[in-house]
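Undergrad:
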Amino acid sequence: MPFKRPFSATAQYSGTIPSDFHFIPDFFSVSEQRTLLSAALLRLDAAGSRRFQRKRKSFLNPLGSNCEGPPAELFLPDDCYEFLQGHYDGVIRNFREMHLTSWPTNEILGLLPVLNRLHSLIPSHNIQTHLLHLASDGEIFPHVDNVSASGRWILGVSLGSERILRLESCTHPDEGAEILLPSGSVYIQSDNVRFKYKHSILKNSASLSGIGQRMGQRISIMIRDLHDNHDVS
Numbered sequence: 589m590p591f592k593r594p595f596s597a598t599a600q601y602s603g604t605i606p607s608d609f610h611f612i613p614d615f616f617s618v619s620e621q622r623t624l625l626s627a628a629l630l631r632l633d634a635a636g637s638r639r640f641q642r643k644r645k646s647f648l649n650p651l652g653s654n655c656e657g658p659p660a661e662l663f664l665p666d667d668c669y670e671f672l673q674g675h676y677d678g679v680i681r682n683f684r685e686m687h688l689t690s691w692p693t694n695e696i697l698g699l700l701p702v703l704n705r706l707h708s709l710i711p712s713h714n715i716q717t718h719l720l721h722l723a724s725d726g727e728i729f730p731h732v733d734n735v736s737a738s739g740r741w742i743l744g745v746s747l748g749s750e751r752i753l754r755l756e757s758c759t760h761p762d763e764g765a766e767i768l769l770p771s772g773s774v775y776i777q778s779d780n781v782r783f784k785y786k787h788s789i790l791k792n793s794a795s796l797s798g799i800g801q802r803m804g805q806r807i808s809i810m811i812r813d814l815h816d817n818h819d820v821s
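Numbering (our numbering), first residue to last: 589 to 821.
In C-alpha cells form, the structure reads like this:
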C-alpha cells in the first residue's frame, strides 16, 4: 500500500515502530490545523443538545478568529461540551464522536484545499470519516479495532493537545512503541499493525517525558477504508 512519506526521523517515540505504521509529525501547518479543527467543532457542536449549544453561546466563539495561535485555544472549557463518560464497548472514556458524511466547505473559509492535502495521503477512496473529541481527561484504552466492516488501513489526524499513542503487540507483549502525536500530525496504520497490535491514547505524557503532565482536549479525524461491499449510507 503506497504512502508518500515514511516514518519521520523527527518523531518523538520510544520502543520499536512496527513496519506498517507510517507517521508524519508536522504535516499540517498551524493555519491548516485551525481550519480543520474549526470545521470538526462546527459539525460536532451542531449534533449536540440545545442545552450545551446555549452554554457554548455564552462564551466568545473563537471559530471566526484569524489569529495564528495554537489550535488548542479553539476549544471551550470542558463543561461546555456534552462528553460521554463511557463508550458502548468500554474502550473510550470522556468523549463525544460522530460519523461525518460531509465537511462544511461552504461555512469554513479555506477548508477545501486543506482537505485536498489530507486526501492526497489516502491510499484508496472507499472510505468512512469519524470525528472523535476527547475531553481533557479523556482516554482510549488498549484495543484492536473491529475490522469486520473496514479494510486494511486507518488514517488519523491529531488536532489540539499532544497525546501519546501506545502500540502493543497482541502476541508478543514485549514488542511495542509509544509515539507522541503533536497537533497537525498524521499517521496510517495498515496490515499487521492494524490487526495484530492493540492501540491506546494515554491521558498524560509521563511515559515519554518521565514527568506526568495533564493533557488538554484533542480531536482525531479518523479515516478508514471500507470493504467493497460495505454500505456507508
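Ideal Cβ positions, reconstructed from N, Cα and C, are used throughout, including at glycine. Model, not experiment: these values are computed from the prediction.
1) Whole angstroms are fine: how far does the CA of residue 774 sit from the CA of residue 652?
2) So residue 809 and residue 628 are in contact, right, with Cβ under 8 Å, and what is the actual spacing, rounded?
3) How many Å lie between residue 665 and residue 656 at the Cα?
4) Out of 756, 739 and 614, state which residue places its alpha-carbon closest to the alpha-carbon of residue 711.
5) Alpha carbon to alpha carbon, how far is residue 669 from residue 720? Give it in angstroms, no decimals.
6) What is the DSSP secondary structure of residue 725, reduced to helix, strand or coil?
7) Could you have a look at residue 643 and say whether DSSP puts it in helix, strand or coil?
8) Does residue 700 pass the burial test, meaning 16 or more other C-beta atoms within 10 Å, or should it be called exposed?
9) Within 9 Å (strictly less), CB to CB, does residue 622 reach chain B?
10) Please classify residue 615 as buried or exposed, where buried requires at least 16 other C-beta atoms within 10 Å of its C-beta.
11) Could you tell me how far apart the beta carbons of residue 757 and residue 763 are, in whole angstroms, since I believe they sit closer than 8 Å?
12) Could you tell me if residue 608 is buried or exposed, where buried requires 16 or more neighbouring beta carbons within 10 angstroms of its beta carbon?
13) Can you tell me which residues form a DSSP beta bridge with residue 669?
14) Apart from the five residues on each side of it in sequence, which residues of its chain come closer than 7 Å, Cβ to Cβ, to residue 715?
15) Residues in its own chain within less than 6 Å of residue 680 by CB, not counting five upstream and five downstream?
16) When you compare each of 610, 769 and 671 to residue 748 by their alpha carbons, which one comes out closest?
17) For residue 777, which residues does DSSP report across the bridge?
18) Skipping 5 residues on each side, what residues in its chain have a beta carbon closer than 6 Å to that of residue 725?
19) Would a C-beta distance cut-off of 9 Å place residue 806 and residue 688 closer than the cut-off?
20) If you count every other CB in all the chains shown that lies within 10 Å of the CB of residue 623, and 16 or more means buried, which is it?
21) Would you kindly check if the distance between the Cβ of residue 771 and the Cβ of residue 828 is under 9 Å?
22) Short check: CB of residue 686 to CB of residue 718, under 9 Å?
23) Buried or exposed: which applies to residue 677, given that a residue is buried once 16 or more other Cβ atoms fall within 10 Å of its Cβ?
24) Please state if the CB of residue 606 and the CB of residue 753 are separated by a distance shorter than 9 Å.
25) For the putative contact between residue 632 and residue 684, defined by C-beta atoms under 8 Å, what is the C-beta separation to the nearest angstrom?
TA: Looking at the atomic coordinates:
1) Position 64 of the sequence shown holds residue 652. Position 186 of the sequence shown holds residue 774. With a pLDDT of only 49 at residue 652, under the threshold of 50, the placement of this residue in the model should not be trusted, and no figure is reported.
2) In the sequence shown, residue 809 corresponds to position 221, counting from 1. In the sequence shown, residue 628 corresponds to position 40, counting from 1. About 7 Å separates the two Cβ atoms, so the contact holds.
3) Here residue 665 refers to the residue found at position 77 of the sequence shown. Here residue 656 refers to the residue found at position 68 of the sequence shown. Distance between the alpha carbons of residue 665 and residue 656 is about 20 Å.
4) The residue you call residue 711 lines up with position 123 of the sequence shown. Here the closest residue by C-alpha is 739.
5) Locating residue 720 in the sequence shown gives position 132, where the first residue counts as 1. Locating residue 669 in the sequence shown gives position 81, where the first residue counts as 1. Straight-line Cα distance between these residues: approximately 13 Å.
6) The residue given as residue 725 occupies position 137 in the sequence shown. DSSP, read as helix, strand or coil, puts residue 725 in strand.
7) On the sequence shown, position 55 is the one that residue 643 refers to. Three-state DSSP puts residue 643 in a helix.
8) What you label residue 700 is simply residue 112 of the sequence shown in a count that begins at 1. By the 10 Å Cβ count, residue 700 comes out exposed.
9) No chain B is part of this structure, which consists of one protein chain only.
10) Here residue 615 is taken as the residue at index 27 of the sequence shown, counted from 1. Within 10 angstroms of the beta-carbon of residue 615 lie 16 or more other beta-carbons, which makes it buried.
11) Within the sequence shown, numbered from 1, the residue matching residue 757 stands at position 169. Within the sequence shown, numbered from 1, the residue matching residue 763 stands at position 175. About 4 Å separates the two Cβ atoms, so the contact holds.
12) In the sequence shown, the residue the question calls residue 608 occupies position 20. Classification for residue 608: buried.
13) Taking the sequence shown and counting its residues from 1, the one referred to as residue 669 is at position 81. According to DSSP, residue 669 bridges with nothing at all.
14) Residue mapping note: residue 715 aligns to position 127 of the sequence shown, counting from 1. Excluding residues within five positions, the ones whose Cβ falls inside 7 Å are 811, 812, 813 and 814.
15) Counting from 1 along the sequence shown, the entry for residue 680 is found at position 92. So the list reads 728, once near-sequence residues are dropped.
16) By one-based count along the sequence shown, residue 748 stands at place 160. The shortest C-alpha separation from residue 748 is found at 769.
17) Residue numbering aside, residue 777 sits at position 189 when the sequence shown is read from its first letter. In the DSSP assignment, residue 777 forms a beta bridge with 609 and 742.
18) In the sequence shown, residue 725 corresponds to position 137, counting from 1. Excluding sequence positions up to five before and after residue 725, its CB lies within less than 6 Å of the CB of 682, all in the same chain and listed in chain order.
19) Looking up residue 806 in the sequence shown gives position 218. Looking up residue 688 in the sequence shown gives position 100. Cβ atoms of residue 806 and residue 688: not closer than 9 Å.
20) In the sequence shown, counting from the first residue as 1, residue 623 sits at position 35. Its Cβ being crowded by 16 or more others within 10 Å, residue 623 is buried.
21) Because the chain here runs from 589 to 821, residue 828 falls outside it and cannot be looked at.
22) One-based indexing of the sequence shown puts residue 686 at position 98. One-based indexing of the sequence shown puts residue 718 at position 130. It is a contact, given that the beta carbons lie within the stated cut-off.
23) Residue 677 sits at position 89 when you count from the first residue of the sequence shown. By the neighbour-count rule (16 or more Cβ atoms within 10 Å), residue 677 is not buried but exposed.
24) One-based indexing of the sequence shown puts residue 753 at position 165. One-based indexing of the sequence shown puts residue 606 at position 18. Not closer than 9 Å, so no.
25) What you label residue 632 is simply residue 44 of the sequence shown in a count that begins at 1. What you label residue 684 is simply residue 96 of the sequence shown in a count that begins at 1. Residue 632 to residue 684, Cβ: 6 Å. Contact.
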